[in-house]
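Going by our numbering, the sequence shown opens with residue 11, and the numbers climb by one from there.
Written out below as structure tokens is the structure these notes cover.
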Amino acid sequence: MIEFLDRTDAGRRLGRRLAALRGQDVVVLGLPRGGVPVAFEVAKALDAPLDVIVVRKLGVPSQPELAMGAIGENGARILDSHVLSRAHVREEDLGTVEREQRSLLERRLARYRRGRTRADVRGRTVVVVDDGIATGSTARVACLVARRLGAARVILAVPVAPARTAASFTEADEVVCLASPRGFQSVGRYYRDFSPTEDDDVVRLLDAAARPVQHPGRPRGRTPPAPPSSRGEAGRP
Numbered sequence: 011m012i013e014f015l016d017r018t019d020a021g022r023r024l025g026r027r028l029a030a031l032r033g034q035d036v037v038v039l040g041l042p043r044g045g046v047p048v049a050f051e052v053a054k055a056l057d058a059p060l061d062v063i064v065v066r067k068l069g070v071p072s073q074p075e076l077a078m079g080a081i082g083e084n085g086a087r088i089l090d091s092h093v094l095s096r097a098h099v100r101e102e103d104l105g106t107v108e109r110e111q112r113s114l115l116e117r118r119l120a121r122y123r124r125g126r127t128r129a130d131v132r133g134r135t136v137v138v139v140d141d142g143i144a145t146g147s148t149a150r151v152a153c154l155v156a157r158r159l160g161a162a163r164v165i166l167a168v169p170v171a172p173a174r175t176a177a178s179f180t181e182a183d184e185v186v187c188l189a190s191p192r193g194f195q196s197v198g199r200y201y202r203d204f205s206p207t208e209d210d211d212v213v214r215l216l217d218a219a220a221r222p223v224q225h226p227g228r229p230r231g232r233t234p235p236a237p238p239s240s241r242g243e244a245g246r247p
């Protein structure tokens, strides 16, 4: 059942699959926390800048586990009108939830970027990377947010996902998935090492990827060798 040694291995293999993108105007966005070690290797393989894409679910006040929408950077917001109507969510309640989640999102971004501006994705190909998807809810929102931020093309790239989820994923222009088992159980079952990633690991990888290298046109980032040990979140939405 095991497909990958760890996230570094998965990222390198994913980078080889995406090799045709090297030299194009690409930005790689990793989903914190577990997706960032994978995205780090993809960005290195493509010689592309690496950044994070942080999204926050907007839960229905009376049922926080039920998503009525999601938010991303730069005021990006996606709402599910069907859920809002069915749950009778008032505008003021939606505003309260959004303010709370926006505050959490901004704090997490401040910790990860440490003063760096976000990568400009307008008119560019964006590769959204996670270490695997189960239901795909977070990845779907991330792809929609990337498009809302101006991406010309959105590619979802993951090491593993259920066959049905990968086949039905319409929020990206293309889905690149190395393993699509029909008897999918959980993302962690396909890794030999699926130990947790900490925020500090994410920061170290982003700092490493931010070292500049001169290219014609837009600036890109280069990653040095020997990244921190690849660890990621055990949970997956």
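Even glycine gets a Cβ: it sits at the ideal position worked out from N, Cα and C.
Quick caveat: nothing in here was measured; it's all calculated off a predicted structure.
Quick check on DSSP: helix, strand or coil for Leu166?
Residue numbering aside, residue 166 sits at position 156 when the sequence shown is read from its first letter. Looking at Leu166 - three-state DSSP - the assignment turns out to be strand.
Residues near Thr126 by beta carbon distance below 7 Å, same chain, minus five either side:
Position 116 of the sequence shown, counting from 1, holds the residue named residue 126. Checking the sequence shown, residue 126 turns out to be Arg, not Thr. The residues are Ala220.
So is Arg100 buried or exposed if we call it buried at 16+ other beta carbons inside 10 Å?
Taking the sequence shown and counting its residues from 1, one reaches residue 100 at position 90. With fewer than 16 other CB atoms across the displayed protein chains lying within 10 angstroms of its CB, Arg100 is exposed.
Decide yes or no for the touch test of the stretch 50-61 against the stretch 142-156: beta carbon pairs closer than 8 Å, at least 3 of them.
They do not touch, by the three-pair rule.
Assumed close pair Val170, Gly40 - CB separation to whole angstroms, cut-off 8 Å
Taking the sequence shown and counting its residues from 1, the one referred to as residue 170 is at position 160. Taking the sequence shown and counting its residues from 1, the one referred to as residue 40 is at position 30. Actually they do not touch by this definition, with Cβ atoms about 16 Å apart.
With DSSP as the reference, identify every bridge partner of Ile81, one or two as the case may be.
Taking the sequence shown and counting its residues from 1, one reaches residue 81 at position 71. Answer is Arg66 and Arg87, bridged to Ile81.
Please specify which runs of the alpha helix (DSSP H), each continuous and at least 4 residues long, are wholly inside the stretch 136-218, giving them in chain order.
The qualifying runs are 147-158 and 173-178.
Considering Leu39, what are the terminal residues of the beta strand (DSSP E) in which it resides?
What you label residue 39 is simply residue 29 of the sequence shown in a count that begins at 1. Its beta strand (DSSP E) spans residues Val36 to Gly40.
Could you have a look at Arg246 and say whether DSSP puts it in helix, strand or coil?
Counting from one through the sequence shown, the residue named residue 246 turns up at place 236. With a pLDDT of 44 at Arg246, under the threshold of 50, the predicted position of this residue should be treated as unreliable, though the coordinate-derived value follows. It is coil, neither helix nor strand.
Among residues of its own chain, excluding the 5 on either side of Arg66, which ones have a beta-carbon nearer than 7 Å to its beta-carbon?
On the sequence shown, position 56 is the one that residue 66 refers to. Excluding residues within five positions, the ones whose Cβ falls inside 7 Å are Ala80, Ile81, Gln111, Leu114 and Leu115.
What three-state label does DSSP hand Asp57 in the structure shown?
Within the sequence shown, residue 57 is the residue found at index 47, counting from 1. In the structure shown, Asp57 sits in coil (DSSP, three-state: anything other than H, G, I, E or B).
Can you find the residues in the same chain that come closer than 6 Å, C-beta to C-beta, to Arg157, ignoring five residues on each side of it along the sequence?
One-based indexing of the sequence shown puts residue 157 at position 147. Val164.
Counting Cβ pairs closer than 8 Å, one from the stretch 17-27 and one from the stretch 39-53, do we hit at least three?
Contact between the stretch 17-27 and the stretch 39-53 is established, with three or more Cβ pairs separated by less than 8 Å.
Simplified DSSP state of Glu116, which is helix, strand or coil:
Position 106 of the sequence shown, counted from the start, is the residue given in the question as residue 116. When secondary structure is reduced to three states using DSSP, Glu116 falls in the helix class.
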